[in-house]
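Okay, so here's the structure we're looking at.
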Amino acid sequence: MQIMITGANGQLGQALLRILPGAVGLARPAVDITDADAVERAVAAHRPDVIVHAAALTDVDGAARDPDLAYRINGLGTQAVALAAARHGAVVAYVSSNEVFDGQAGRPYTEFDSVRAINPYGASKLAGEWFIQHLLQRFYIMRTSWVTGRGGRNFVHRIQQLADERGSLRVVNDEVANPTFVDDLADAITRLIITDRYGIYHLTNSGHVSRYDYARRILALSGRAHIPVEPITLAEFKRASTPPPFAPLANHMAAGLGIVLRPWEEALQDFLASPI
Ligand SMILES: NC(=O)c1ccc[n+]([C@@H]2O[C@H](COP(=O)([O-])OP(=O)(O)OC[C@H]3O[C@@H](n4cnc5c(N)ncnc54)[C@H](OP(=O)(O)O)[C@@H]3O)[C@@H](O)[C@H]2O)c1
Numbered sequence: 011m012q013i014m015i016t017g018a019n020g021q022l023g024q025a026l027l028r029i030l031p032g033a034v035g036l037a038r039p040a041v042d043i044t045d046a047d048a049v050e051r052a053v054a055a056h057r058p059d060v061i062v063h064a065a066a067l068t069d070v071d072g073a074a075r076d077p078d079l080a081y082r083i084n085g086l087g088t089q090a091v092a093l094a095a096a097r098h099g100a101v102v103a104y105v106s107s108n109e110v111f112d113g114q115a116g117r118p119y120t121e122f123d124s125v126r127a128i129n130p131y132g133a134s135k136l137a138g139e140w141f142i143q144h145l146l147q148r149f150y151i152m153r154t155s156w157v158t159g160r161g162g163r164n165f166v167h168r169i170q171q172l173a174d175e176r177g178s179l180r181v182v183n184d185e186v187a188n189p190t191f192v193d194d195l196a197d198a199i200t201r202l203i204i205t206d207r208y209g210i211y212h213l214t215n216s217g218h219v220s221r222y223d224y225a226r227r228i229l230a231l232s233g234r235a236h237i238p239v240e241p242i243t244l245a246e247f248k249r250a251s252t253p254p255p256f257a258p259l260a261n262h263m264a265a266g267l268g269i270v271l272r273p274w275e276e277a278l279q280d281f282l283a284s285p286i
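Residue 11 is where the sequence shown starts when you use our numbering, and the numbers rise one by one after that.
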C-alpha cells in the first residue's frame with residue numbers, strides 16, 4: 011500500500027514517517043497544500059492508495075488573529091488534497107480536532123455528536139471536514155486533541171520551559187480534553203487505515219484531564235514537583251482564541267474495531283522518561 015503523508019515535518023507527520031518508512035512525505039516549501047496544482051502534481055506522481063492529511067495551521071491563537079489564513083490552509087488546503095485524491099482514486103485520512111465542538115455538552119463527545127466550532131481554528135478544521143465528506147466517497151476523519159511529539163510546539167514542552175523560566179505557573183483549570191501522544195496516535199492511524207472501514211473516528215489517548223492537573227502531572231514526572239501552580243479560569247487567561255471548555259473525545263467507533271489508545275498518564279510517563 012502506497013501511503014502519502016502531508017505535514018511530514020510536523021509532530022504527527024514525523025511520527026508517521028518513523029513507523030511507515032516507505033511512505034512519501036510532503037512538506038513545505040516543496041509542496042504547499044494551498045497550491046492546488048502542486049498537490050495535484052505530487053499525487054499524480056506518487057499515486058498513493060491513502061493520503062494521511064496531517065498538514066494544518068495548528069497555531070490556534072494565530073488562527074484567531076488571521077482567520078483567512080486558517081481557512082486558506084485548513085479549508086482550501088484540504089479541498090486541494092481531497093480533489094487530487096478523488097481524481098486519482100486515493101482514500102484520504104484527514105486529521106481533525108476536538109475544537110470542532112463547542113465544549114458545552116458536559117460529557118465527552120461521540121463521533122456523531124453535532125459539531126459547532128466556537129473559534130476560527132475549529133471552524134477552519136470543520137471546513138476541512140466538510141470538503142472531505144463532500145468531495146470523497148472513501149475517507150476517514152480522525153479527530154484528536156492536545157497532540158504532543160518530541161520537539162514540537164506542545165503543552166508538555168511549554169509547561170517545562172515556563173516552569174524553568176518563571177519558577178511558578180498559572181494554569182487554567184476549566185479547559186478539559188484528552189492528552190494525545192504522537193507515537194500512540196500514529197500507531198492507531200496506521201491500524202485504522204488498513205481496515206477500509208471508512209467514517210468518523212475519535213483517536214486520543216484514553217482519559218481526560220484539565221490543563222491544571224495535566225501541568226501538575228508534567229511537573230511531578232519531570233522533577234519539578236516543587237514548582238507552585240495556581241489554578242485560574244479561562245476568563246482570567248487572556249489569549250486570542252477561545253477554546254471549547256470541556257471537549258474530551260469519546261472513542262466509540264475505533265474501539266469497536268479494536269483500536270484503543272492507552273491511558274494518557276502512561277504515555278506521558280514514557281514520553282518524559284525517554285532521553286530524546
Ligand atoms: N497539535 C495539536 O494539539 C492538535 C490537536 C488536535 C488536532 N490536531 C491536528 O493534528 C494534525 C497534526 O498536528 P501536529 O501537532 O503534527 O501539527 P504541527 O506539528 O504544527 O504540524 C503541522 C504541519 O503542517 C505543515 N503545514 C502548515 N501549513 C502548511 C501548508 N500550507 N502547506 C504544507 N504544509 C503545511 C507545517 O509545516 P511547517 O513546518 O512548514 O510550518 C507543519 O509541519 C493537524 O491536522 C492538526 O490540526 C493537532
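Heads up, the beta-carbon is just placed ideally off N, CA and C, and yes, glycines get one too.
What is the DSSP secondary structure of residue 67, reduced to helix, strand or coil? coil
I need the DSSP call for residue 75, collapsed to helix, strand or coil. helix
Please go through the same chain and pick out, in chain order, the residues whose beta-carbon is closer than 8 angstroms to the beta-carbon of residue 247, but skip the five residues on each side of it. The answer, listed in chain order, is 180, 182.
Is residue 162 close to ligand 1? I mean its beta-carbon at under 7 angstroms from any heavy atom of the ligand. yes
Express the C-alpha separation of residue 109 and residue 178 in angstroms, rounding to a whole number. 28 angstroms
Could you check whether the Cβ of residue 83 sits closer than 7 angstroms to any heavy atom belonging to ligand 1? Checking the Cβ of residue 83 against ligand 1 gives yes.
In terms of residue numbering, what span does the beta strand (DSSP E) encompassing residue 252 cover? Run containing residue 252: none; DSSP gives neither H nor E here.
Can you have a look at residue 228 and say buried or exposed, based on whether 16 or more other CB atoms are within 10 angstroms of its CB? buried
For the segment 92-105 against the segment 54-65, do three or more pairs of beta-carbon atoms, one drawn from each stretch, fall closer than 8 angstroms, so that the two count as touching? yes
Threshold first: 4 residues or longer. Then list the alpha helix (DSSP H) segments lying entirely within the segment 77-119, N to C. 77-80, 87-98
Residue 65 to residue 36, Cα distance in whole Å? 9 angstroms
Give a single yes or no on whether residue 93 has its beta carbon closer than 7 angstroms to a heavy atom of ligand 1. no
So if DSSP puts residue 35 in a beta bridge, which residue, or which two residues, is it bridged to? 15
Report the residue from 69, 112, 270, 62 whose alpha carbon sits nearest the alpha carbon of residue 88. 62
Quick one: what's got a C-beta closer than 6 angstroms to residue 234's C-beta in the same chain, skipping five residues either side? 173
Just verifying my parser: in three-state terms, what is the DSSP assignment at residue 49? helix
Could you check whether the segment 262-272 touches the segment 125-138, counting it as contact only if at least three pairs of C-beta atoms, one from each stretch, sit closer than 8 angstroms? no
State yes or no: is the C-beta of residue 25 within less than 8 angstroms of the C-beta of residue 159? yes
Go through its chain and collect everything with a Cβ distance to residue 112's Cβ below 6 angstroms, but skip five positions before and after it. 126, 128, 254
Residue 258 and residue 186 closer than 8 angstroms at C-beta: yes
What's the gap between the Cα of residue 17 and the Cα of residue 239? 34 angstroms
Stretch pair the segment 210-222 + the segment 185-200: three plus CB contacts closer than 8 angstroms: yes
Specify, as a first and last residue, the run of the alpha helix (DSSP H) that residue 303 falls within. Nothing in the structure corresponds to residue 303, since the chain is present only between 11 and 286.
Can you give, in chain order, each stretch of the alpha helix (DSSP H) that sits fully within the segment 182-245 and has at least 4 residues? You should have 192-202, 221-231.
Starting from the Cα of residue 19, find the closest Cα among 41, 12, 277 and give me that residue. Out of 41, 12, 277, 41 has the C-alpha closest to the C-alpha of residue 19.
Quick one: does the C-beta of residue 20 sit closer than 7 angstroms to a heavy atom of ligand 1? yes
Measuring straight from C-alpha to C-alpha, what distance separates residue 33 and residue 52? 13 angstroms
State the start and end residues of the unbroken alpha helix (DSSP H) segment that holds residue 2. The chain is shown only over 11 to 286; residue 2 falls outside these bounds and no answer can be derived.
Using the beta-carbon count (16 or more within 10 Å), is residue 205 buried or exposed? Note on residue 205: under 16 other CB atoms within 10 angstroms of its CB, so exposed under the neighbour-count rule.
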